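Using this note's numbering, you'd call the opening residue of the sequence shown number 1 and step up by one each time.
For reference, the structure discussed in these notes is given below.
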Amino acid sequence: MSIEPSQAMSTTFSSMTARPVKYLIYSQEQAFRHMTVSRPDKEQQLYIFTDEILFFVWDALSLSIDEENREVYFPYLPHVFDLLKETEDGHEICDYLNFIEETRMGAVRGDTLSKRRAWRVADLLLEYKTALFLQA
């Protein structure tokens, strides 16, 4: 089942490559449909972990104090998950999260806190992905 995001942000360039990258942002409804897609067990575990990390670790707007705010980050979850499945080094995830903070959340371009937060998220996601798929 393919879900097309309602909004494709303008084409930009990844910080590590010269190739154009489309950053996707899903509507709440599309994000919910993406969440409810049937996946193999390990992939579903990775999806749930990605959601947890975005809410509790990335938490760019400091909303994790209240679970009722959880859906605020849902529009970004599907694209982060798709990037995670494809990335080897996490650069795409970092670029995307920085792009979101700068264009949707008012972070100053090049903000070091934003970059550190994005790298922490990418590192945790890649560590979990590696551990999960190395299990017998």
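Glycine included, every Cβ here is placed at the ideal spot set by N, Cα and C.
Please read all numbers here as calculations on a predicted model, not as lab measurements.
(message) Applying the 10 Å Cβ sphere with the 16-neighbour rule, what's the burial state of F81?
(response) Classification for F81: buried.
(request) Mind checking which residues open and close the alpha helix (DSSP H) that includes E138? (result) Because the chain here runs from 1 to 136, residue 138 falls outside it and cannot be looked at.
(message) Just to check my reading of the structure: N98 and K115 have Cβ atoms closer than 8 Å, yes? What is that Cβ distance to the nearest angstrom?
(response) Sure, about 6 Å apart at Cβ, within 8 Å.
(request) Report the rounded CA-to-CA distance for T103 versus T130, giving the unit in angstroms. (result) The alpha-carbon separation between T103 and T130 amounts to approximately 31 Å.
(message) Please report the distance separating the alpha-carbon of Y23 from that of Q135.
(response) Rounded to the nearest angstrom, the two C-alpha atoms are 31 Å apart.
(request) Sort F55, G90 and Y96 by Cα distance to E67 and report the nearest one. (result) Nearest to E67 by alpha-carbon distance, out of F55, G90 and Y96, is F55.
(request) For L61, count neighbouring C-beta atoms within 10 Å of its own C-beta (all shown protein chains included) and say buried if the count is 16 or more, exposed if not. (result) By the 10 Å Cβ count, L61 comes out exposed.
(request) Quick one: using the 10 Å Cβ neighbour count with 16 as the cut-off for buried, is V121 buried or exposed? (result) Label assigned to V121: buried.
(message) So for S62, helix, strand or coil by DSSP?
(response) In this structure, S62 counts as coil in the three-state DSSP scheme.
(message) Under DSSP, the alpha helix (DSSP H) around R117 begins and ends at which residues?
(response) Where R117 is concerned, the enclosing alpha helix (DSSP H) stretches over T112 to L134.
(message) With H, G and I counted as helix, E and B as strand and the rest as coil, what does DSSP make of R70?
(response) Taken through DSSP and simplified to helix, strand or coil, R70 comes out as helix.
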